[in-house]
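Quick notes on the structure that follows.
There are 2 protein chains.
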Amino acid sequence: MSLDELQTLRARIRELRHLDAAIGLLSWDEETYLPDGARRERGEQLATLEGVRHRVLCSDAFGDLAESAALAASDDPLVPGEIERLRRLRRIALALPDDLVRAFAEARSRALAAWERARRDDDFDCFAPALAELVRLVRERAQALARSCELYDALLDEYEPGMTRARLEPVLDIVGARLVPLIGDLAARTQAAAEPLPVARYGDAAQVELCRQLLVDMGFDFARGRLDRSTHPFTLMAGGSDIRLTIRVFEDNPLSALFATLHEGGHGLYDQGFAPELDGTLLADAPGMGIHESQSRFWENHVGRRESFWVYRLPLLQAAFPGVLDGWTAERFVRAINVVRLGVNRVEADEATYNLHILLRYRLELALVSGALSIADLPGAWNELSEQLLGVRPRNAREGCLQDVHWALGAVGYFPSYLIGNLYAAQLVETHTDGHDLDGALARGDLAPTTAWLRRHVHAHGHRRSADEIVTSATGRGLDPEPFFRTLLRRFDAVR
Amino acid sequence: MSLDELQTLRARIRELRHLDAAIGLLSWDEETYLPDGARRERGEQLATLEGVRHRVLCSDAFGDLAESAALAASDDPLVPGEIERLRRLRRIALALPDDLVRAFAEARSRALAAWERARRDDDFDCFAPALAELVRLVRERAQALARSCELYDALLDEYEPGMTRARLEPVLDIVGARLVPLIGDLAARTQAAAEPLPVARYGDAAQVELCRQLLVDMGFDFARGRLDRSTHPFTLMAGGSDIRLTIRVFEDNPLSALFATLHEGGHGLYDQGFAPELDGTLLADAPGMGIHESQSRFWENHVGRRESFWVYRLPLLQAAFPGVLDGWTAERFVRAINVVRLGVNRVEADEATYNLHILLRYRLELALVSGALSIADLPGAWNELSEQLLGVRPRNAREGCLQDVHWALGAVGYFPSYLIGNLYAAQLVETHTDGHDLDGALARGDLAPTTAWLRRHVHAHGHRRSADEIVTSATGRGLDPEPFFRTLLRRFDAVR
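So the sequences go chain by chain: R and G.
For the first sequence, the tail end lands on 496 under my numbering, and the numbers increase by one without skipping.
For the second sequence, the tail end lands on 992 under my numbering, and the numbers increase by one without skipping.
Rendered as structure tokens:
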């Protein structure tokens, strides 16, 4: 491959990344500043950009460049990884016929609208036909993408490259088998020990300032990123040098914004932490959703739920909301925020029960894809499994199978990433604390060594290694549920 | 042309508009919320989107569709106008060789950087080589676009379609010949009559609220638009249903934000006022920059500088800044804001001298393009002409020929649009007040009839008519300097 060709390939890749970034910015704006009356048009603009991106990615010229680069020896150590990723992106894009892509987008937009109505009116029947159609197309999509006879693997692979049901399910089974008998005792114990935070007005501006300062302390670079508000917190790349986080602020509860900051901040640090030499390449990305989620969970659960973190941080809260938290100690505060509740809602779930919510969704979506479960039977099956796993039964579909937007978006195979992220996070924090006095540093407010450790062992690799390789190299083991249970029990054993 | 082909053509046109909107949003964000460290990358993202837009616009398939539509009879009354505009856009895009487009973009970016340094250090020599190169490429560009032997016409035509030097120059000459002898007396008279506004802290939040309320009263639809802040106020379309204005706020002077609101609000109302049937077509646009500027000037000068406007509005200011403007009447206030000053700066210029600043730039850029004036002689020629036209001589290049960014952006042929806008605005307000008691309505705070009149006579047409046709149909005359002088003298005759 000539130098010229390599430069052309790089230019094409940068173009693709710029289109990703433009799509990112339009999506960010949609959730933050877009006028209400411009929603329909924004959807059309995004569809146009997605179409342009698809054409660029699938063009023969791009493919020829990639294949010619794959055959040639290159001095550039990044080229093989980039080619591999490019081939994967092209394989997925080319495997999906245009008709299917269009039908899927339309079914998704119908399902989303139906889901919103169904949830508002607690009327599953109004969602059922749209969901049935979407699941049918999800199955078609999986067939088009499948490289084995296990359809679900093709869906899982979109979010968690290389992961299979055969590898995942034994881990999920262990998590379920060990968690179910634990949570009743944890709930009783933590609820008995906790007092609620004082009822007060926790001012909006003071909360945002605390969140901003927390991000600075975590090492988030505001010269290459932003913090805004949206209805649902998220993190988004509007370019390699432009990472945007959002939170929401409730004046009756400062924990929502603070924990969203830790969570989104973890994602944001990852996106800002790829090695500089990866800039503008296809390798400036995480290799999967689970490892990305591990970073948000690391900060949210393994930093934010530690007493030592609040030894330094609680006085800042006390200063920000004068008089409200007088007499509170870090110990008392950490009891208030580490409460296990047997609830029906995933988003509000605590660290212990969260994985059971995922397990429930995994089992049901697997059955929907295989056809073992019909759409009509979904609400009942959901409630049944909720009772088995969590010991609580939703009172209605709104509290049950209508609570999440994922399926209405056609995102089947996504939920396991949350659980994988939880397990990876625990593996990482165990290794990190092996050689580092995390509690000592947190009590001094020093988050820098933790960010530096994550940067070196996780972020910097970008897409040069798979998630499995990164975690194995950092912790000595691949996906492993043991550290999750050890860290969980250590945290809750302290509560007596 | 089959219905299918027409639908394909429309889909392509919508795609083009979506790309325009995406470029718009990325540009808006660049001036409002972009992190500093993301500037370089944003420039590259915009270049990629511009490149995609260019490819879409210039594709043979698009051209074939347009030509086939042009030959066929269509029941759709919008088709001929769309085809005409599309042909023009394609003619311009295809006339410019890729090499020239790239060389121009690079020269522009070098010139912009050199201009910033030159202005900061008051060092014209550091700008001169970059400007010389850019002017050379402007000339090449004009040669590529030219359809007559008058090169300048090709530049003018990009901003003011159909306008020529032969039509424009007699008007400019009249404006110059009549204004030069007037301004000395106007300056003396208005300065003697005016008192400065009280020195006070005009709170930021109160100013923004006043501006927002003013926009609501003007009829600006916040469900399809936004108001934000930026270093330099501007108006931008991020879609047909998404018009974004910006202002800046100075706490020592509330007039800056209020007049920027009137100005940008005028632009914004235009962009929100195209007839609904033009949505998503190439006709949902103004037919030129001058007519767009007429709308901003209409509100800024012919509404905002009227005493009747402040009869209603001054009490709102007095309530927003308690105690500060006690004892001020609308008459006294309007004297304070209508002061003529013989200054060297265009942006700070008043209604009377502004056009002379344009005339100066027009004469010099014409000489630069023709080669009659060398770059080295520009600062001297500028100062000379400033003295002739405005009676004042800049003390240095920073105050003189380095004050505007336009030439550093390669925008030669743009300045006349400002003057054309000023003249059109006066023509429109004269006709509007013929059948409408504008002062009576303004004194009651009723801006709706004015917006409705502009919507009907100007905005709704979009690109279906040329600027000349719109103004002629609304006022009975094409571009005409007389109303400008009549309205100017009427306003200043009141000041004795």
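Backbone N, C-alpha and C define an ideal beta-carbon position, used for all residues, glycine too.
These numbers come from a predicted model, not from an experiment.
Same chain, Cβ closer than 6 Å to residue i, five either side skipped, listed in chain order
i: residue 935 of chain G; result: 804
i: residue 217 of chain R; result: 447
i: residue 558 of chain G; result: 508
i: residue 358 of chain R; result: 415, 418 and 419
i: residue 660 of chain G; result: 649
i: residue 806 of chain G; result: 826, 829 and 830
C-beta neighbour in chain G for residue i, strict 8 Å
i: residue 212 of chain R; result: no
i: residue 498 of chain R; result: This structure cannot speak to residue 498 of chain R, because chain R is shown only from 1 to 496.
i: residue 52 of chain R; result: yes
i: residue 245 of chain R; result: no
i: residue 33 of chain R; result: yes
i: residue 261 of chain R; result: no
i: residue 459 of chain R; result: no
i: residue 426 of chain R; result: no
i: residue 37 of chain R; result: yes
i: residue 82 of chain R; result: no
i: residue 49 of chain R; result: yes
i: residue 25 of chain R; result: yes
i: residue 307 of chain R; result: no
i: residue 41 of chain R; result: yes
8 Å Cβ shell around residue i - same chain, five flanking residues per side excluded
i: residue 956 of chain G; result: 769, 770 and 771
i: residue 338 of chain R; result: 190, 194, 305, 350, 351, 491, 492 and 495
i: residue 49 of chain R; result: 19, 22, 23 and 26
i: residue 973 of chain G; result: 923 and 967
i: residue 601 of chain G; result: 543
i: residue 367 of chain R; result: 373 and 381
i: residue 79 of chain R; result: 6 and 69
i: residue 633 of chain G; result: 596, 599, 600, 603 and 906
i: residue 445 of chain R; result: 217, 312 and 313
Cβ of residue i within 8 Å of any chain R Cβ
i: residue 540 of chain G; result: yes
i: residue 517 of chain G; result: yes
i: residue 665 of chain G; result: no
i: residue 700 of chain G; result: no
i: residue 602 of chain G; result: no
i: residue 932 of chain G; result: no
i: residue 525 of chain G; result: yes
i: residue 978 of chain G; result: no
Per-residue burial, residue i [other beta carbons within 10 Å of its own, 16 or more giving buried]
i: residue 625 of chain G; result: exposed
i: residue 791 of chain G; result: buried
i: residue 211 of chain R; result: buried
i: residue 631 of chain G; result: buried
i: residue 232 of chain R; result: exposed
i: residue 645 of chain G; result: exposed
i: residue 290 of chain R; result: buried
i: residue 415 of chain R; result: buried
i: residue 681 of chain G; result: exposed
According to DSSP, residues forming a beta bridge with residue i
i: residue 184 of chain R; result: According to DSSP, residue 184 of chain R bridges with nothing at all.
i: residue 246 of chain R; result: R:228
i: residue 668 of chain G; result: Paired residues: none, contrary to the question.
i: residue 431 of chain R; result: DSSP, once it has assigned bridges, lists no residue as partnering residue 431 of chain R.
i: residue 731 of chain G; result: G:741
i: residue 749 of chain G; result: G:746
Nonlocal neighbours in the same chain, by C-beta distance under 7 Å from residue i, ignoring five residues either side
i: residue 736 of chain G; result: 775, 776 and 780
i: residue 397 of chain R; result: 122, 124 and 379
i: residue 75 of chain R; result: none
i: residue 702 of chain G; result: 816 and 817
i: residue 313 of chain R; result: none
i: residue 474 of chain R; result: 428, 431, 457 and 458
Item to complete: Taking only beta carbons into account, state which residues of the stretch 711-737 of chain G come closer than 9 Å to chain R, listed in chain order.
Response: 717, 718, 719, 720, 721, 722, 724, 734, 735, 736 and 737
Item to complete: With 9 Å as the C-beta to C-beta threshold (strictly closer), list the residues of the stretch 748-774 of chain G near chain R in chain order.
Response: none
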